[in-house]
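In this note's numbering, the protein residues as written are 26 to 278.
For each residue, glycine too, the CB sits at the ideal point set by N, CA and C.
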């Protein structure tokens, strides 16, 4: 496992460095803001549901980039492992100033999350497989559909830096995304996302992470890249369906 983690980190950092420094490439640097709400609600010890909503904007918050929703069913065969499958939809903002129509993307996904600990450090690994149907925009209208299959691997570490558990922890994470399909010729390495920030518990059900994410995305041309310098704020909710229904029925906040 240690060798796999080291290999993954070296590959991800090497890809990011190559995209940023290779002089034959065109790199478009952008400042972005990414906000999301991620929820997990358990029906019982094994079954539950996951739902999240994302908003990403360019020029920090000045321009629309995308809106995204995802929903799925979760199954936990044992506490450290959670499996999930579901559907997601993305609305991608027009890529040219003179265009006005959003491009739609439909996804079906399957994923596995494994949570473990190395001493006091929490480690999370997630592998996600996505089938994606994306609008191909020509002259501000969807002329065709592009299908790709994308595999994503996330490795995240939450590191306590204070003895007081109420204070924030350090989070370091990296996610590598690779996709495949008949139109994927020059950019099998789709994206790399490196994040560093803090994780803070608000109460037993709510938490958030906040920090800097660098997203390197290779375009279908192969020589064009986006380097998105992103201010990220993700909120997380985890609860039990029975407790939520009881609070709603009793009028509790």
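Query	Result
Reduced DSSP secondary structure (H/G/I, E/B, other) of residue 186	coil
Local Cβ density within 10 Å of residue 233, reported as buried at 16 or more and exposed below that	buried
Spatial distance of residue 125 from residue 254 (CA atoms)	25 Å
Straight-line Cα distance separating residue 213 from residue 80	26 Å
For residue 165, three-class secondary structure by DSSP	coil
Residue 262 versus residue 170 - alpha carbon distance	35 Å
For residue 71, the nearest candidate out of 54, 93 and 100 (CA to CA)	100
Three-state secondary structure assigned by DSSP to residue 269	helix
4 or more residues per run - each alpha helix (DSSP H) lying fully within the stretch 114 to 186	none
Pairwise C-alpha distance: residue 195 and residue 13	The structure shown does not extend to residue 13, since the chain is modelled only from 26 to 278, so the question has no answer here.
Burial state of residue 90, where buried means 16 or more other Cβ atoms lie within 10 Å	buried
Span separating the alpha-carbon of residue 139 from that of residue 265	20 Å
Between the CA atoms of residue 54 and residue 86 - distance to the nearest angstrom	15 Å
C-alpha distance - residue 73 paired with residue 57, whole-angstrom precision	32 Å
Bridge partners - residue 194, DSSP secondary structure assignment	185 and 224
Within 8 Å, strictly: CB atoms of residue 223 and residue 185	no
Sequence ranges, beta strand (DSSP E) only - wholly within the stretch 225 to 253, length at least 3	231 to 243
With 16 other Cβ atoms within 10 Å as the buried cut-off, status of residue 165	exposed
Inter-residue Cα distance where the pair is residue 215 and residue 274	46 Å
Buried or exposed by the 16-neighbour rule on C-beta atoms within 10 Å, applied to residue 136	buried
Burial state of residue 158 (16 or more Cβ within 10 Å)	exposed
Residue 207 to residue 173 span [Cα, whole Å]	8 Å
Environment of residue 268 [buried if 16+ CB atoms lie within 10 Å]	exposed
Minimum C-alpha distance to residue 217 - residue among 211, 243, 235 and 83	243
Cutoff 6 Å; reference residue 247; Cβ partners in own chain excluding five residues on either side	211 and 212
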